[in-house]
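Presented below is the structure to which this report refers.
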Amino acid sequence: MAAQATVSSAPPRRRRFNRDRLTAILMILPSLIFIAIFVYGFIAQTGYTSLTDSNALQQLSRLPANFIGFSNYNDMINGTLNERFRTDMVNTVFFTVLFIVTCLVLGIGLAILLDQKVKGESIFRTIFLFPMALSFVVTGVVWKWLFNPTSGLNALPTLIGLPRGEFRWFISQESTLNFFWQDVPTILGFAVAAILVLAAVYFWIKKRSMVAAFVMAGGLLLVALVTFGDPNSLITLERPEQKGFNLALIALVVAAAWQMSGYTMAMYLAGLRGIPEELREAARVDGASEFGVYLRVVLPLLAPITLSAMIILGHISLKIFDLAYTMGGGDNLFIDMPGLNMYFLTFRGQDFARGATVAMVMLVMVAFVIVPYLITQLRGEKSL
Amino acid sequence: MTTSTLAGQKRRPYSRILIYSVLVIVAVAFLLPVYMVLVTSFKTPDQVDISTMWVPSIAPSLASFNDAMQELAPNFGNSVLLVVPATAISAILGSLNGYVLSKWQFRGANILFALMLFGMFIPYQAILIPLVQFLRSIGLYGNLGGLILVHVVYGLPITTLIFRNYYAEVPTELLEAGQIDGAGFFGIYWHVLLPISIPGFVVVVIWQFTQIWNEFLFGVTIAGNNSQPITVALQNLAGSQIVEWNVQMAAAFLTALPTLLVYLLLGKFFIRGLLAGSIKG
Amino acid sequence: MKFRKLAALGVTAAAALGIFGAVTAQDALSGDLEIFSWWTGGGEAAGLEALIASFTETNPGVNIINSAVAGGSGVNARAVLTTRMLGGDPPDTFQVHAGAELNDLWVRAGLMEPLNDIFEANGWMEQYPQGLLDLISDDAGNIYSVPVNIHRSNVLWYVPGNLEEWGVTVPANWSEFVDTTCPALQAAGVTPLAVGENWTQAHLWESVALAELGVDGYNGLWSGATSWTSPEAVGVWETFGQVLACSNDDRNALSWQDASRQVADGEAAFNIMGDWAAGYFLVDLALEPGTGFSWAASPGTDGTFMMLSDTFGLPVGAPNATNVRAWLTFLGSAEAQDIFNPLKGSLPANTTADIGNAELYNAYFQDAYADWTGNAIVGSQAHGAVASPAFTNGFSGIIASYGADGDASSAAANTATLALQTGIGG
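Protein chains in written order, with numbering that gives the first Met the number 0: chain U, 0 to 383; chain D, 0 to 280; chain C, 0 to 425.
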């Protein structure tokens, strides 16, 4: 993040120091082997397990697991029993979006305020950032108490004579923005098409590149497919299964944002401090208001930080486990997350194959966010 | 803020008031949970009443801390025994790796580094089942040794990343000077890099300390009964038995205390870790 | 098939060795004895400690390792146990619920030693109720664990004085509860039934199912004789829904203790919980049985005792099998059960235990024991007697979905699929 130039480059005098070069490789080798086994080896094994019907009884009986292809994945999407998984997917999406937006807005707001040469800046900064030092378990325990529906936050308004809050926080059973699981292919199709069309427009305006035409064509084709095809038939689950944004997730978002928004603030603050005063001054000389300076000069310069923050927050929220566990006790589906489902499938249900399946889905989601980021960061190198 | 040559100082006073009031309101909101923890912790069980949650006790008592301490003491010890070696080993390995990756680059080093970095983003659920089986097979399941190993291995990407970036800023000329003096791989590391690595180590140690202390998933799945870290004990305390809220809050406070102290005392380095590593949750 | 035969052979050989060992080393036991359980807190931990103390008194040479795994209501313990068994590193003896939890996993995998010799040598075949023996035996009559206690699941708790004040009586069945009791209480501003988090809802479900289906119908769910999608089974879900509608809506935020406490505090009228709640009312809340709190069989289940039992078994390959046999022999004795159960707050499984002793067993247990010996016995689903861990985990998801959408027919259909998938009733 903080732009650091990598000097790197090969060490001097290649030939003379061949032995040192070998030593260097030998020194890093154990770490590489560990990573190879503990990350990639284990992922491969989990991936394989997800393609079998492995469970505790089978393993304890020393029977081999049967290879069943992708039927566990199909089961997750279409099987009547895996409603929990589907709820988790929807929860994850809503939670991630809301969590990222909250953290970004709070983070940039606080950073801009602190950037106004405020007295006691370091005290404010310390206050906004200290939750980062805590464990999600601590956050969960404390906020669970604060979210107590009959008191806690709900009782705060009564201290100044207002009526008591009625929201039930993490035990709320209300949901909004409802849709059916069967609609997901359509929704996804339109979402992807919209992204393609926007990307095409962007390419055209910025680069006048012919790529734009292809991307646009792809996007429009997708729109046609979704509109005239029958994407919902991709889901073979028969019973209409209602999904939606569970309001209980707001509780999770509040607690998680309390913990993490200081982090985005710190990132933005570092970014703001890196913007030369002359740039802002120039804008002011051009007659821009203070607000205009931020809008036209500062915010665009913070765009890369926003992207990084989104990716980092996104991967945290996709794999969140401890917070939801501590707050929901494990079986509160209104704030359930895939990480919890995986834990319970594996260790309570002793169904290793399905546990592995959920884990692989989580991995793919995270990889989707992280891999492009890593590639661009390392290719650009300087910005890492 | 009275002397003003800087631009932006000529702002109208009411906007200043606005800025401060927003900051103060947000700060109070951020501190609400802390207030609640302290107020509840200092109550005795019969004073813990949901209807008077926000009201401080008239007769504060340390009894809850005493109870919480008794519940958590063994796990507090476990966490210390876990954090110290795991942090030390991953810092040392990270430093060596960072040295190699920044100053002794070899073919494919960047790709290997990227592959390594990926390891710090993965959801650990994706490696959990084979990990448990593997630890079992080498006799490290259910004890602190296993937990230490796991935290060292999955800590490698971030420690390597921080040191790599840190050493990258060390001018190559310094190393060349060392080589001319006849120092080899270790000589340069020992005499040239290590002496200037202290700030890097502080950042990494604080980072790893915080991460490992706060970690839960590995703690709950890999630790045995006698090696459960403090976060797991706190969750058990809060989740399974009937434990009064005053004790839960006191326990949460005790769990948070070490990392909080580190943050308050060495906040600068903590933030540097946050930003330099840029990443990790 | 071949494997099973081999395993059986091995088991028989090991059993023979075991008897030999037990006889010769009777008075000079030494070495370790690792006892694995999830009894880490409260009365159950105290009970286990007392058992260990008593055992060590007579066997001073045995070094007991108390491996109790805390947390997650036994989930952590089960995970650790499974991992250790998979790794060929079994503890000497471990806690397991009688019934499906024992049979469908450990016994089916051929990992438990039969203990018939201990039962026969100590006259336990007559001292333990046949219904319980059935739950710890396979079809061939091999017995695989020693029960230490009995808990009852279908108990309705209330405070007599409060009911009087609100003008309601203990409902005889669920339709009375839903039609009469519940509206009367709601009119009085009282929560009719206090219910807690997910597993306590499953616990409530089994009481409703037992009431609606009767003993045979309920047992049929697990044997395959009752279809999960039959109108009766769907009816269970419908009644369950009506009952939930009479409960508090912050269920997911409450532990079982929170729910029981609502009854004691007069916020709620009734609560259905296992009889470990007696200990909570009695010890934690210091209420007098009969006046401060009282109990009845859950509506519509009078005359039936839905039970669960904690048992200990001997895994194949246990490092100190001789010590385990001595331990199990002690555990099953009336003496040991009278040490353990008053502390844990449960009934002794051995019928020769001193149940009449009011010093040891309080009024609730005197009463419950009469039911235990006189009632029809069925196994609890929520606590592993009739369903495997895989079923229980899946069922928690169905309960949660039902809590969200209240769709009885889909819950019934899903349970049928789950039963099929996890080999229930097959």
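Every residue, glycine too, gets a C-beta built ideally from N, C-alpha and C.
- Across the structure, G195(C) and L148(D) are spaced so that their CA atoms are roughly 39 Å apart.
- Counted as a single uninterrupted DSSP element, the alpha helix (DSSP H) harbouring G160(C) occupies residues P159 to W165.
- Residue L346(C) holds the alpha-carbon nearest to the alpha-carbon of T372(C) among L346(C), F390(C), N361(C) and Q380(C).
- Between the alpha carbons of R15(D) and R283(U) lies a distance of about 19 Å.
- For L110(C), no alpha helix (DSSP H) run applies, since DSSP gives it neither H nor E.
- At a Cβ-Cβ threshold of 7 Å, V95(C) and G312(C) count as neighbours.
- By the beta-carbon neighbour count (other beta carbons within 10 angstroms, threshold 16), K143(U) is buried.
- The criterion of a C-beta distance shorter than 7 Å is satisfied by G106(U) and S260(U).
- At least 7 Å separates the CB of A258(C) from every CB of chain U.
- Measuring C-alpha to C-alpha distances from T290(C) to each of V61(C), W37(C), N161(C) and W173(C) identifies N161(C) as the nearest.
- For the region 60-94 of chain C, the set of positions with a beta-carbon nearer than 8 Å to some beta-carbon of chain D reads S66, A67, V68, A69, G70, G71, S72, N75, A78, V79, T82, R83, L85, G86 and D88 in chain order.
- Straight across, the Cα-Cα distance linking N172(C) with G240(C) is about 15 Å.
- Its Cα nearest to that of S409(C), the residue N81(U) stands out among N81(U), P303(U) and M326(U).
- What S136(D) touches in chain C, judged by beta-carbon distance under 8 Å, is G86, going in chain order.
- With the criterion set as a beta carbon lying under 7 Å from some beta carbon of chain C, the members of the region 69-93 of chain U are T79, L80, E82 and R83, in sequence order.
- Counting the other Cβ atoms within 10 Å of the Cβ of T235(U) gives fewer than 16, which makes it exposed.
- Annotation: the continuous beta strand (DSSP E) that includes F178(U) extends over S174 to F179.
- Going by DSSP, H96(C) is part of the beta strand (DSSP E) stretching over T92 to H96.
- Under the three-state reduction of DSSP, I221(D) is assigned to helix.
- In the three-state scheme derived from DSSP, where H, G and I count as helix and E and B as strand, V47(D) is classed as coil.
- Residue state for T228(C) is assigned as coil, using DSSP reduced to three classes.
- Across the structure, A357(C) and Q365(C) are spaced so that their CA atoms are roughly 8 Å apart.
- Note: I354(C) is not bridge-paired with any residue in the DSSP secondary-structure output.
- V61(C) is bridged by DSSP to G30(C).
- Secondary structure note for S400(C): its alpha helix (DSSP H) is the uninterrupted segment P388 to D404.
- Rounded to the nearest whole angstrom, the C-alpha separation of W244(D) and D114(U) is 39 Å.
- Taking a contact as a CB-CB distance under 8 Å, the pair I128(D) and T51(U) does not count as one, their CB atoms being some 12 Å apart.
- Burial is judged here by how many other beta carbons sit within 10 angstroms of a residue's own beta carbon; A369(C) has fewer than 16 and is exposed.
- Taking 7 Å as the cut-off, the Cβ atoms of H202(C) and L307(C) do not count as close.
- Taking 7 Å as the CB threshold, L251(U) stays off the interface with chain C.
- Taken through DSSP and simplified to helix, strand or coil, K143(U) comes out as helix.
- Taking every protein chain shown into account, the CB of V177(C) has 16 or more other CB atoms within 10 angstroms, so this residue is buried.
- In the DSSP secondary-structure assignment, L346(C) is bridged to I149(C).
- Looking at V214(C), N197(C), G265(C) and A285(C), the one whose alpha-carbon comes closest to that of D248(C) is N197(C).
- Counting only residues of its own chain and dropping the five nearest sequence neighbours on each side, V140(U) has a CB closer than 7 Å to the CB of T325.
- Check the Cα spacing between L268(U) and each of I67(U), R124(U), V96(U) and R20(U): the tightest is with R124(U).
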